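If you read the sequence shown in the numbering used here, its first letter stands for residue 1005, the second for the next number, and so on. Where is the CB? At the ideal position from N, CA and C, for every residue including glycine. Quick caveat, the model's predicted, so the values are computed rather than measured.
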Amino acid sequence: MSTSDLSNSETGYRHLPQLKLPAMFRLGLFQVGLGMMSVLPDGVLNRVLIKELGVPATIASLILAMTLFVAPARIWFGQMSDAKKLWGYHRTGYAWIGIISMAIMAIVTVQLMWQLNNSLVANGWSGETYARAGLLTLGFGTYGLAVSICSTPFATLLVDVSDDDNRSQLVAIDWGMLIGGTVVGAVTIGVLLKKLNFDAEIGQVETAINRLFFIIPAIAVTLAFLATWGMEKKYSRYSLRSQLVNREESITLKRAWRILTTSRQTKIFFIFLLFMTLGLWMQDPVLEPYGGEVFKMEIGATASLNAFWGIGTLVGLVISGFFLVPRIGKQKTAKIGCIACAACLTLVILSGFTQARVALQIALLCFGLGSGILTSGAITLMLDLTAAETAGTFIGAWGLAQAFARGMAKVIGGGLLDLGRGIFGSNLVLAYGLVFILQAAAMLTAIIFLQQVSVQEFRTNAQQAIASVLENERD
1005 MSTSDLSNSE
1015 TGYRHLPQLK
1025 LPAMFRLGLF
1035 QVGLGMMSVL
1045 PDGVLNRVLI
1055 KELGVPATIA
1065 SLILAMTLFV
1075 APARIWFGQM
1085 SDAKKLWGYH
1095 RTGYAWIGII
1105 SMAIMAIVTV
1115 QLMWQLNNSL
1125 VANGWSGETY
1135 ARAGLLTLGF
1145 GTYGLAVSIC
1155 STPFATLLVD
1165 VSDDDNRSQL
1175 VAIDWGMLIG
1185 GTVVGAVTIG
1195 VLLKKLNFDA
1205 EIGQVETAIN
1215 RLFFIIPAIA
1225 VTLAFLATWG
1235 MEKKYSRYSL
1245 RSQLVNREES
1255 ITLKRAWRIL
1265 TTSRQTKIFF
1275 IFLLFMTLGL
1285 WMQDPVLEPY
1295 GGEVFKMEIG
1305 ATASLNAFWG
1315 IGTLVGLVIS
1325 GFFLVPRIGK
1335 QKTAKIGCIA
1345 CAACLTLVIL
1355 SGFTQARVAL
1365 QIALLCFGLG
1375 SGILTSGAIT
1385 LMLDLTAAET
1395 AGTFIGAWGL
1405 AQAFARGMAK
1415 VIGGGLLDLG
1425 RGIFGSNLVL
1435 AYGLVFILQA
1445 AAMLTAIIFL
1455 QQVSVQEFRT
1465 NAQQAIASVL
1475 ENERD
């Protein structure tokens, strides 16, 4: 589509109301709910599986990672929301189905976890126990599909209801409220589980967790409906834009892959993104068990560790977006973030030798600060490495890459913990430290590839590469 076509299309929906800040914050409530839900598997179930139930970290990580390994379904759900209305809406109906499915599957998966524990206690790692572990894995995979059908149409709704002049504001508010939802979820879980002692009986843990897995999903569903009710009907430009989109050549998966692999710079950036994501998330499956086993923290207290990371991330995003990127540029900002994250991971290890909870909380606050700086620099750099003609292709593919890399980080993190226990035995600080030190190494490796990224080179050859791929497909 030419620029003139886009300009002409703008006049077609000038009569539609423009999205203002109050409406942007209202839409952000949906992300608050998703942020709260994200803490349930990552901040609660991984700790319960590994410490309270005694499931090996590798198996626990594989089970939890299934929510990310089903990420390719996002493409299909996005196409469905484009082509078929649900309850009269292209996006909202799918988002509602998704958030309700998430709530249901959250309740189902926690019950499957207790069934796994019952079999583990009665029979050890027997055939029945492995079968129940498989059912739990399937449950998490289904939960991941619910996340995909929920988040993909909602993200597309944000595009549908916004224009070029206010989309960046909407995205900024949306990202901040997602992180804020993670913090709210962590604090809420900490309050609801505060009465659980460190060595609470499994029956007490089960009762408290069951209550938690009803309250948080109920809040998320309520926020989702408050955020989206009537918004698509009032603000969406999709029905007008789609007439123009339908005249464009479709970008098939095969064609998209060829476009992505043609550019040398996108390959370099993909490798950077892989190591960066590993460096950000390898601690994910082991952080709460680290707090429980090394610092003797209660379940609620370990779940609240996410709040310190989240607060630091929000501060880092503000510092980076408003001060660092405009002054020193995107790549230097991302490099500073990588270095800061690696340094703070060493603080996480050192805090284990002190066994002081405050030391761990400060280390995670600093790690969040570095994560926020890195995230802002990397995202803005990613937008520079996105060709306007295939922006959705590049951004969508990078989203999938991040999901897969984060899934790998979960599996690798849990596997390294088991390896560390085998090497260091009862020295838990060193066992967990193996995960954190290799995570820091991944972050430093990311810098090597970051320094090879050239926006100028990408801009010079991207148009030629894309045109060549499209021309070959026509032939």
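In whole angstroms, what separates the C-alpha of residue 1354 from that of residue 1312? 17 angstroms
Excluding the five sequence neighbours on either side, which residues of its own chain have a C-beta within less than 8 angstroms of the C-beta of residue 1307, listed in chain order? 1043, 1047, 1048, 1051, 1190, 1193, 1194, 1197 and 1292
Kindly indicate which three-state DSSP category residue 1434 falls into: helix, strand or coil? helix
Hey, how far is the Cα of residue 1461 from the Cα of residue 1269? 7 angstroms
Limits of the alpha helix (DSSP H) - the one that residue 1147 falls within: 1131-1164
Where do the ends of the alpha helix (DSSP H) carrying residue 1271 lie? 1268-1285
With residue 1295 as the anchor, note down where its alpha helix (DSSP H) starts and where it stops. 1291-1297
Neighbourhood of residue 1323 by C-beta distance below 6 angstroms, restricted to the same chain and skipping five residues each side: none
Taking the alpha carbon of residue 1420 as the reference point, which residue from 1273, 1210, 1061 and 1240 has its own alpha carbon closest? 1061
Quickly, what does DSSP pair residue 1090 with across the bridge? List them, please. 1093
Where residue 1199 falls: helix, strand or coil (DSSP): coil
Given residue 1319, which residues of its chain have a CB within under 7 angstroms of its CB, disregarding the five upstream and five downstream residues? 1373 and 1376
Whether residue 1071 touches residue 1163 by CB criterion (8 angstroms): no
Rounded to whole angstroms, what's the CA-CA distance from residue 1315 to residue 1188? Just pull it up for me. 10 angstroms
Could you compute how far the alpha carbon of residue 1090 sits from the alpha carbon of residue 1157? 11 angstroms
Can you give me the C-alpha to C-alpha distance between residue 1080 and residue 1242, rounded to a whole angstrom? 18 angstroms
Measure the C-alpha to C-alpha separation of residue 1084 and residue 1222 and round it to an integer number of angstroms. 26 angstroms
Quick one: residues in its chain with C-beta nearer than 8 angstroms to the C-beta of residue 1126, no 5 flanking neighbours on either side, listed in chain order? none
Considering only residues of the same chain and omitting the five flanking positions on each side of residue 1278, which have a CB-CB separation below 6 angstroms? 1409
Compare the C-alpha of residue 1407 against each of 1026, 1068 and 1362 and name the closest. 1068
So, do the segment 1102-1111 and the segment 1178-1188 have three or more beta carbon pairs nearer to each other than 8 angstroms? no
Using C-beta distances below 7 angstroms, list every residue in its chain close to residue 1384, excluding the 5 sequence neighbours before and after it, in chain order. 1329 and 1334
Do you know how far the Cα of residue 1130 is from the Cα of residue 1370? 43 angstroms
Using the Cα positions of residue 1302 and residue 1095, report the straight-line distance between them to the nearest angstrom. 40 angstroms
Using 8 angstroms as the cut-off, can you tell me whether the segment 1132-1145 makes contact with the segment 1110-1121, which would need three or more C-beta pairs spanning the two stretches below that distance? yes
Where the alpha helix (DSSP H) containing residue 1026 begins and where it ends: 1025-1043
Quick one: using the 10 Å Cβ neighbour count with 16 as the cut-off for buried, is residue 1012 buried or exposed? Note on residue 1012: pLDDT 45, under 50, position unreliable in the model; the coordinate value appears next. Classification for residue 1012: exposed.
Residue 1235 lies in the alpha helix (DSSP H); which residues open and close that run? 1235-1239
Nearest-angstrom Cα separation, counted from residue 1147 out to residue 1445: 32 angstroms
Report yes if the CB atom of residue 1283 is closer than 8 angstroms to the CB atom of residue 1345, and no otherwise. yes
Helix, strand or coil at residue 1128 [DSSP, three-state]: coil
May I ask you to report which of helix, strand or coil DSSP gives residue 1247? Note that residue 1247 scores a pLDDT of 43, beneath 50, so its modelled location is shaky; the value from the coordinates is reported in the next line. DSSP places residue 1247 in helix when its eight states are reduced to three.
If you draw a straight line from the C-alpha of residue 1037 to the C-alpha of residue 1455, how long is it? 37 angstroms
Within its chain, find whatever has a CB closer than 6 angstroms to the CB of residue 1349; leave out the 5 residues flanking it on each side and keep chain order. 1440, 1443 and 1444
Determine the contact status of residue 1457 and residue 1340, defining contact as a CB-CB distance below 8 angstroms. no
Quick one: is residue 1123 buried, meaning 16 or more other Cβ sit within 10 Å of its Cβ, or exposed? buried
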